[in-house]
Amino acid sequence: MIDIKLKLVALCSVLGHTDSFSPAIGTASQKLQARAEKHYQQQHRLPKKQRRQLVAMLESGRKPMPRRQLLGAGFSLLSSLPMGSFASEETSAGFEEFAAKGGVMKTDVSCFFDQCGAQSKACFTNPSCLKGITCLGNCRGEQLCATQCFARFGSEKLNDWLGCTLEDKQCVVTGVAQDTSDFYLNPPTTKAMSDFSPADLEGKWFKALGYNPKYDTYPCQINTFTAAADGGLENDILFRVPKPTGIGAWQNNFIEKMSNSKGPQGKASMTVEGKMFGLTFKEQWYVLGKGDGWRVVAYKGDTQQGPYDGAFVYTKEKDALSGAEGAVLREKVDEVLVEAGLDPKQMAVIDNSCPADTTKAGVSAEETSKEKLEWKDVFELTEWFRPGTLKKQADFDPNKM
């Protein structure tokens, strides 16, 4: 197994930053370029055109032209486009909308090493963290894929790197202001919302139905709310991400702080602001209806990626919707959804069997010590800095990295 420092030499040479980790790296870069290229071609047999591109990169050692890339999320990369410019007064709802309108991200490669040097060094010299970055890059915008990457490779090192490069120092920017205010103007509403109190959510709840398949239908979702001194709530969240093999799941755990606030538009039941996977998210919750042992909740939220929404049904018992009594409860839930303008048929039943075959999400110390970095992991990292260098893997599976 080739030493990780030698792999980083080849990577830094490609990016034109051979002095970023050690002054001595630059002196060895030429030999390592040739060695890296030969090893990589032997193992992976890239198509001829891509091999020529990779050779040119390795031989140049120059800084790449700024190109656009992005991790969203929760958190995923968008495709690359040439550089461009927009009027300063323009706004966008986020990276996703900006790209859809033909906008282009501006990527400052030196920022990753100069402004976020400590975070980059900590992550790039840790095999599991580096694999997490390349895993996310391979997902190319697929939400479930990105969630599986975090479930397997998630760590504070990865969170710190994402937080610094995408938020704190903005190594990737659109050049226009983000404005999601219109997204919150017309949320789902019902007459029952006026009777809501934070105390209505206190205690342990199972999510029994989910509206948005990207966010709401993960199995065994348990939310436990406790009252906070400021009048808000603390939400202890458990949810599982099924492993691609179909056997077992990764157990995720997050804590959200919820404010007893109606939000800027004055229409929310509560608001949430926090960080997940190193990136900030904001949400507005709308408690549409309630009854004995059940609640119907809709939400709208946004991140740098852009806005998102969904809805779900809480029940005190995980099998509350089964049997004759469950059918009656479902009728009440559907009435609330219809009043709010939501389609009851879009609500999917969530698997709350909750078997014991789970693994804690994120990389453990034991797994980190066993993780081995391969040449392809280093070269796939160039997709963050030079999008389009490597072809997307149609059958990419985070579980097989």
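Under the UniProt record's numbering, the first residue of the sequence shown is numbered 1, with each subsequent residue one higher.
Using N, Cα and C, we set each Cβ at its ideal position, and we do this for glycine too.
- Rounded to whole angstroms, the gap between the alpha carbons of W205 and A320 is 11 Å.
- In the DSSP assignment, W205 forms a beta bridge with N223.
- By the neighbour-count criterion, in which 16 or more other beta carbons inside 10 Å mark a residue as buried, P244 falls on the exposed side.
- Taking a contact as a CB-CB distance under 8 Å, the pair F150 and F277 counts as one, their CB atoms being some 5 Å apart.
- Rounded to the nearest whole angstrom, the C-alpha separation of V109 and C171 is 7 Å.
- Look at the beta carbons and you see the region 210–222 not touching the region 182–193: under three pairs across the two are nearer than 8 Å.
- Of the residues assessed, S155 falls on the buried side of the cut-off, its CB having 16 or more other CB atoms within 10 angstroms.
- Collapsing the DSSP output to three states places L185 in coil.
- Taking 8 Å as the cut-off, the Cβ atoms of G232 and S259 count as close.
- Classified as exposed, D343 has fewer than 16 neighbouring CB atoms from the shown chains inside 10 Å of its CB.
- DSSP places I237 inside the beta strand (DSSP E), whose first and last residues are L233 to P242.
- Judged by DSSP in its simplified three-state form, D309 adopts strand.
- Boundaries cannot be given for T180, as no beta strand (DSSP E) includes it and DSSP labels it neither H nor E.
- For L279, the enclosing beta strand (DSSP E) begins and ends at L279 to G291.
- Distance from Y286 to P213 at the Cβ level is roughly 20 Å; contact not present, criterion being Cβ atoms closer than 8 Å.
- Fully contained in the region 131–173 are the following alpha helix (DSSP H) runs of length 4 or more, in chain order: 143–153 and 156–162.
- In the DSSP assignment, Q251 falls within the unbroken beta strand (DSSP E) covering A249 to S259.
- Between the beta-carbon of L279 and that of A340 there is about 29 Å, and that puts the pair past the 8 Å contact cut.
- E317: not part of any alpha helix (DSSP H); DSSP gives it neither H nor E.
- Proximity of the region 323–333 to the region 304–311 falls short of the contact definition, fewer than three beta-carbon pairs being nearer than 8 Å.
- The Cβ-Cβ distance between E256 and T226 does not fall below 8 Å.
- In this structure, A249 places its C-beta atom within 8 Å of the C-beta atom of V241.
- D114: member of the alpha helix (DSSP H) spanning V109 to D114, first to last residue.
- Under the three-state reduction of DSSP output, D302 falls in the strand class.
- Among the bridge pairs identified by DSSP, A348 is matched with G210.
- For G323, the enclosing alpha helix (DSSP H) starts and ends at G323 to E339.
- Note on geometry: alpha-carbon atoms of K121 and F254 lie some 27 Å from one another.
- Between T315 and A208, the C-beta gap is smaller than 8 Å, which places the two residues in contact.
- T107 and T180 have their C-alpha atoms some 23 Å from each other.
- Shown here, G246 sits in coil according to DSSP, grouped into three states, outside any helix or strand.
- Nearest Cα to D182 within the set L158, E325, T165 and K300: K300.
- Here M270 is bridged, per DSSP, to W285.
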